[in-house]
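Following: one structure in structure tokens, then a few remarks.
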Amino acid sequence: PKGHVIAVRITGENPDEGFKPTSGDIHELTFRSTPNVWGYFSVGPRGGLHEYADSQFGHIFARGGSREEARKAMVLGLKEISIRGDIRTPVEYVIHLLETEDYRKNRIHTGWLDGLIANRIATSKPEIMVAVLCGVLYKAHQNCAASLE
-15 PKGHVIAVRI TGENPDEGFK PTSGDIHELT FRSTPNVWGY FSVGPRGGLH EYADSQFGHI
45 FARGGSREEA RKAMVLGLKE ISIRGDIRTP VEYVIHLLET EDYRKNRIHT GWLDGLIANR
105 IATSKPEIMV AVLCGVLYKA HQNCAASLE
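So in this note's numbering the end of the sequence shown lands on 133, straight run, no missing numbers.
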């Protein structure tokens, strides 16, 4: 076989609290597979994760000709996932891990991850106003482009 594959478990866990499992409803889950990124999700018929069930409810796979290509594909795939609901997921945390220099240079081991967790490495989301501004600019660009056609 040629190439590389990276797999990521999608769980209902809170990375800011030592990956403590979370439970609750999932109101919306959006993921679009591509030729290099695919996955599956297992969510109950009413869209929830039971507090006594395994916290994993999805799996994403990314492939590439090299490890770096697979890593980049995974980062893009994870950035495209939208999970809205009462649960927390470690998606942003995993994106952060995949973008660290240690991961890029393959200087990782189970102790590396344990160290990050012990040091409470937290991820940050963009400020709401920045996200709103980006949305407004995107819509304005679309409207301008459409009026020029």
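Beta carbons are placed, not taken as given, at the ideal position from N, Cα and C, and that holds for glycine.
*Buried or exposed: V114, going by 16 or more other Cβ atoms within 10 Å of its Cβ?*
Numbered from 1 along the sequence shown, position 130 holds the residue referred to as residue 114. It counts as exposed.
_With three or more C-beta pairs closer than 8 Å as the rule, is the segment 92 to 101 touching the segment 13 to 27?_
no
*Can you tell me whether DSSP reads S131 as helix, strand or coil?*
Taking the sequence shown and counting its residues from 1, one reaches residue 131 at position 147. Helix at S131.
_Spatial neighbours of L82 in its chain, beta-carbon cut-off 7 Å, leaving aside the 5 residues before and after_ = On the sequence shown, position 98 is the one that residue 82 refers to. Excluding residues within five positions, the ones whose Cβ falls inside 7 Å are R55, M58 and V59.
*Three CB pairs or more closer than 8 Å across the segment 9 to 18 and the segment 85 to 94*: no
_If the criterion is Cβ atoms closer than 8 Å, does the pair R68 and E111 meet it?_
Taking the sequence shown and counting its residues from 1, one reaches residue 68 at position 84. Taking the sequence shown and counting its residues from 1, one reaches residue 111 at position 127. Not a contact, by the Cβ cut-off of 8 Å.
*Taking the alpha-carbon positions, what's the F45 to Y77 distance?*
By 1-based counting over the sequence shown, the position of residue 45 is 61. By 1-based counting over the sequence shown, the position of residue 77 is 93. F45 and Y77: Cα-Cα distance of roughly 17 Å.
_Rounded separation between H(-12) and E52 - CA only_ = As a position in the sequence shown, residue -12 is number 4, starting the count at 1. As a position in the sequence shown, residue 52 is number 68, starting the count at 1. Cα-Cα distance, rounded: 9 Å.
*asked:* Can you check which of these residues, G2, D38, K(-14) and E1, is closest to I(-6) by C-alpha distance?
replied: One-based indexing of the sequence shown puts residue -6 at position 10. Nearest option by C-alpha distance: D38.
*Could you tell me whether the Cβ atoms of G(-4) and I71 are closer together than 8 Å?*
By 1-based counting over the sequence shown, the position of residue -4 is 12. By 1-based counting over the sequence shown, the position of residue 71 is 87. Cβ distance < 8 Å, so G(-4) and I71 count as in contact.
*Three-state secondary structure (DSSP) at K4?*
In the sequence shown, the residue the question calls residue 4 occupies position 20. Of the three classes helix, strand and coil, the one that applies to K4 here is strand, per DSSP.
*Would you check if the distance between the CB atom of H43 and the CB atom of A(-9) is smaller than 8 Å?*
Numbered from its first residue, the sequence shown carries residue 43 at position 59. Numbered from its first residue, the sequence shown carries residue -9 at position 7. In contact: H43 and A(-9) (Cβ atoms closer than 8 Å).
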